[in-house]
Amino acid sequence: MSSSKLVGEEKFGKAYGFKDVLKLRRPSTRDIVRRLGVLSPHRIHISDYPAGHPAAVFNASVDVEGDVAHIYARIVVGYYMYASAVVRIDVPVDDIIYGYVNINYYSAEPEIIPSTKYDIWGVEDPRVYSINGRLVATYTGRTVNYFNPAIRRERTLPITAVRIQNGRWKERWQRVLVHTLPSELREKLISDKDAFLVIIGNDVYIFHRPHLADEYHYLTISKVDGEKVLKLIENPGKEPIEVESRDTIWVMPHTSFEEKLGWATPPIKMDAKRIVTLVHAVDAVKKVYRVFAVQLCFEKEGIVIEAITPNYIMEPREPYEIYGDRPYVVFPCGLAKLNRNELLITYGAADYMVGIGTLDLEELLAELDKGRIY
Numbered sequence: 003m004s005s006s007k008l009v010g011e012e013k014f015g016k017a018y019g020f021k022d023v024l025k026l027r028r029p030s031t032r033d034i035v036r037r038l039g040v041l042s043p044h045r046i047h048i049s050d051y052p053a054g055h056p057a058a059v060f061n062a063s064v065d066v067e068g069d070v071a072h073i074y075a076r077i078v079v080g081y082y083m084y085a086s087a088v089v090r091i092d093v094p095v096d097d098i099i100y101g102y103v104n105i106n107y108y109s110a111e112p113e114i115i116p117s118t119k120y121d122i123w124g125v126e127d128p129r130v131y132s133i134n135g136r137l138v139a140t141y142t143g144r145t146v147n148y149f150n151p152a153i154r155r156e157r158t159l160p161i162t163a164v165r166i167q168n169g170r171w172k173e174r175w176q177r178v179l180v181h182t183l184p185s186e187l188r189e190k191l192i193s194d195k196d197a198f199l200v201i202i203g204n205d206v207y208i209f210h211r212p213h214l215a216d217e218y219h220y221l222t223i224s225k226v227d228g229e230k231v232l233k234l235i236e237n238p239g240k241e242p243i244e245v246e247s248r249d250t251i252w253v254m255p256h257t258s259f260e261e262k263l264g265w266a267t268p269p270i271k272m273d274a275k276r277i278v279t280l281v282h283a284v285d286a287v288k289k290v291y292r293v294f295a296v297q298l299c300f301e302k303e304g305i306v307i308e309a310i311t312p313n314y315i316m317e318p319r320e321p322y323e324i325y326g327d328r329p330y331v332v333f334p335c336g337l338a339k340l341n342r343n344e345l346l347i348t349y350g351a352a353d354y355m356v357g358i359g360t361l362d363l364e365e366l367l368a369e370l371d372k373g374r375i376y
């Protein structure tokens, strides 16, 4: 399909550096993620659920609180409809650092399960992060349309939930936002996923990856009604509210050796207007999932791609990443700082296990310097 026929060419703005990335990116890898361990389904016990163990546990995000890593992972318990839920697995940071995570058994608390028309067929791929001191999760909801062959629109939508008190001692997740495209594009939306919110200055942005009727998967950043979004996060209602995106920027296209791109983890904030974030890429031939990084700057004139890693920085290499329910997949969803220079990364390994690793921030920035645009 020629670019002139793409919906995004007409409806979306473009980031500065949009075309420059194609000149820099290469189909090669310099893997800089240090693997620390893996959580397998047979060592995970689902609390208060008769099945006991999940069939698969993968695509996990992470929130580090003191000496505990709260890992929010996607699980499935069967394969007929592949309906997912999100569980919380509390893992001591020392277990990760010293390798005990590879042998220990852990309890998984069901946290977000399918329950609304926006996610009844599955709660998938959570990104957990903080907004103004509140812990939030943006996940992909499989809507009521997902399996309906007569309705090929809005099959998945991003949903944001906030962690709230549930009685004196407990907490729970409350769905607050359902993220939609503007009304003129909703009929063209097949699915939207790989999403999270970011505050830059006085604006609130949603990073998301809409798949439109032209069959292109767009790596985009849109603005949302910041006042409304922040108010709902601070004071959640009983039901989730639909919030439209606007002023969408198509950040970059995929290369000729890729099929599509998607946002991976919530970003690392470098300063008031500059972030570094990870992106996953699907190989055009073998459908292998790999990861690269991009540095973005939010200026008054628009979004600027300042640098990009010319090579992938992560690809499947361990046995549990190479073979599983979906071979050759590394799918990062979680990123948290362990210290000034060390980042903890959690990811789905072959759609079957949760991989855990670390990323050296200085090394990552050095890789970005190799692909500097501005």
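Following this note's numbering, the numbering of the sequence shown begins with 3 at its first residue and continues without gaps.
Every residue gets a Cβ at the ideal spot worked out from N, C-alpha and C, and that includes glycine.
Model, not experiment: these values are computed from the prediction.
When DSSP reads this structure, Phe300 sits in a beta bridge with Ile305.
DSSP places Ala152 outside both helix and strand once states are collapsed to three, so it counts as coil. Note that the region 278–298 touches the region 310–319; at least 3 beta-carbon pairs, one per stretch, sit closer than 8 Å. Burial is judged here by how many other beta carbons sit within 10 angstroms of a residue's own beta carbon; Phe198 has at least 16 and is buried. Val331 sits in coil when the DSSP states are folded into three classes, being neither helix nor strand.
Ranked by Cα distance from Cys299, the options Val200, Pro151, Ala152, Asp327 are led by Val200. A Cβ-Cβ distance of about 6 Å is found for the pair Glu260 and Val284, placing them in contact under the 8 Å criterion. Rounded to the nearest whole angstrom, the C-alpha separation of Tyr207 and Ala53 is 39 Å. Judged by beta-carbon spacing, Pro334 lies within the 8 Å limit of Thr267, meaning their Cβ atoms are closer than that value. Residue pairing from DSSP leaves Glu12 without any beta-bridge partner.
Boundaries cannot be given for Pro43, as no alpha helix (DSSP H) includes it and DSSP labels it neither H nor E.
In terms of CA proximity to Lys25, Ala309 leads the group Lys240, Ala309, Lys7, Lys339.
Using a Cβ distance threshold of 8 Å, Thr348 and Val64 count as a contacting pair. Below 8 Å, too few C-beta pairs join the region 338–355 and the region 241–260 to call them touching: fewer than three. With at least 16 other beta carbons inside 10 angstroms of its own, Met355 counts as buried. Per the C-alpha coordinates, the member of Ser109, Ser132, Arg155 positioned closest to Arg165 is Ser132. Residue pairing for Leu340: DSSP places it in no beta bridge. Only buried fits His181, as 16 or more other CB atoms lie within 10 angstroms of its CB.
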